[in-house]
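> Have a look at this one.
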Amino acid sequence: MPFATLVSDARAFLGELKANNSRDWFTAHKDRYDRDLKAPSLALLDVVAADLQRQTGKPVETKLFRPQRDIRFSKDKTPYKTHLHMMWTVGDGLGKTAFFFGIEPDRTLLGGGAMGFDKDRLAAFRKRAEGPKGADLMRLMTEMQAHGIRFSDPELKRVPQPYPADHPRGDLLRRKSFTFWKALSDDSGNPAKALRLGFAEVKPAQDWLMALR
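Each position in the sequence shown, counted from 1, maps to that position plus 165 in this note's numbering.
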């Protein structure tokens with residue numbers, strides 16, 4: 166497997182980068198980044214994309230996030246991210262959702278969901294969330310949390326109009342995005358297998374999002 170040592174290599178590189186976060190250091194180690202992180206990440210993206218396409222029957226787009234930080238409006242001017250993130254976007258239209266994989270110096274994470282709803286997707290999400298399907302999702306969330314999956318917090322402090330303030334699905338209606346994360350404990354050298362198993366755990370919530378119309 167071209168990505169068998171990706172997790173260990175990335176952790177080592179990112180740990181060193183964290184201690185030497187400068188353009189000079191990164192430039193001197195760019196060949197190592199390309200060989201040990203970028204190339205195996207692209208291979209992993211392709212393998213997992215094929216798996217997701219077979220499972221869902223939907224188109225899959227892949228993305229490896231660039232290592233450079235956007236520091237234009239940040240007080241923190243360190244130039245590089247000390248994590249490696251990749252994403253698979255599944256489907257299109259209102260039911261589009263994403264799967265994530267992240268490597269940090271001391272942990273690996275998988276995640277999924279919708280990082281932010283546009284106007285039409287937010288309306289579709291709230292329409293589905295306010296009724297019985299919303300109750301189904303809240304039950305799924307409870308089950309997933311019992312397996313170590315954590316959810317982002319609602320962005321709004323109050324339930325939006327025209328819903329009543331005490332709506333039983335207020336937690337969902339206060340959201341402008343819907344994402345979830347889990348720490349991965351499997352560092353066996355087969356991240357494709359670990360992601361396949363992890364993504365199966367979040368599949369019910371992903372299916373709920375992909376049913377948005």
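Even glycine gets a Cβ: it sits at the ideal position worked out from N, Cα and C. Because the structure is a prediction, the values reported are computed rather than measured.
Which first and last residues belong to the beta strand (DSSP E) in which L249 is found?
Here the beta strand (DSSP E) through L249 covers 249–255.
> Relative to the C-alpha of R304, which residue among L274, T273, V213, P333 is closest?
Cα-wise, what sits closest to R304 is P333.
> Take every Cβ of the stretch 304–322, pair it with every Cβ of the stretch 262–272, and state whether three or more of those distances are shorter than 8 Å.
Flag = no, the stretch 304–322 and the stretch 262–272 do not touch.
> According to the Cβ coordinates, are K358 and G313 closer than 8 Å?
In this structure, G313 does not lie closer than 8 Å to K358 by Cβ.
> Starting from R272, follow the beta strand (DSSP E) in both directions and report where the run begins and ends.
R272 -> beta strand (DSSP E) spans 272–279.
> Is it right to say S206 is buried, meaning 16 or more other beta carbons lie within 10 angstroms of its own, or is it exposed?
Counting Cβ neighbours within 10 Å, S206 comes out buried, since at least 16 surround it.
> Express the C-alpha separation of T227 and A204 in angstroms, rounding to a whole number.
Their Cα atoms are separated by approximately 14 Å.
> Using only CA atoms, which one of L259, R231, M280, G278 lies nearest to A289?
The shortest C-alpha separation from A289 is found at L259.
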